[in-house]
Amino acid sequence: MRLQRAQADRFRRRDRRGRGIRGPLAPPEVPISRSRAQVFDDLVLDAVERLERVWSRELANVEFLVEDVPQVPRGVTAEDGIPYSRLETGRDGRARITIYRRPVEIRTREQDEMALMVHETVVEEVANLLGLEPETVDPEA
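Every letter in the sequence shown is one number past the one before it in my numbering, and letter 92, counting from 1, is 73.
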């Protein structure tokens, strides 16, 4: 199982007025020091690890990615719906499941609600990949 950030979104903090790069505002062990992207990555990893306990063989050739926003083709409007995730399968048996961070964050208010939505999204895409119902993939979801 691999989880990757699809874009290099770890930018350096800017150097204002030539005083050097800003340091962290809080120590790394404090929860406030984690960015929203890092928290979202952990939620996706938790959901994937939960499914891998049961479906490890089926998910061996699946790559999980996190992107900030989907690339919406021209002509698609907001009324058509903004996807939370995408499933791509290759001819070589490999598959790629991409979870989009911003659409999920926008539609949830609390951390627990976001964790549930991330888990349901991962379960749906794994179910689509395996050709099963989501209830079969994770009966507790």
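From the three backbone atoms N, C-alpha and C, an ideal C-beta is built for every residue, glycine too.
DSSP, reduced to helix, strand and coil, places R34 within a helical segment of the structure shown. With contact defined as three or more Cβ pairs closer than 8 Å, the region 61 to 76 and the region 106 to 114 are in contact. When only Cα atoms are considered, V57 and P8 end up about 43 Å apart. Using a Cβ distance threshold of 8 Å, T89 and L46 do not count as a contacting pair.
For R67, the pairing in a beta bridge is given by DSSP as T79. Here P84 is buried, its C-beta having at least 16 other C-beta atoms within 10 Å.
Only residues of its own chain outside the window of five on either side were considered, and among them R82 have a CB closer than 6 Å to the CB of F21, listed in chain order. Beta-bridge pairing by DSSP links F21 to no other residue. With a contact defined as Cβ atoms closer than 8 Å, R72 and E44 miss out at about 15 Å. By the criterion of a C-beta distance shorter than 8 Å, M98 is surrounded in its chain by Y65, V85, R88, T89, once the five residues flanking it on both sides are discounted. Inclusion of L24 and E33 in the CB contact set at 8 Å is not warranted, their separation being larger than that value.
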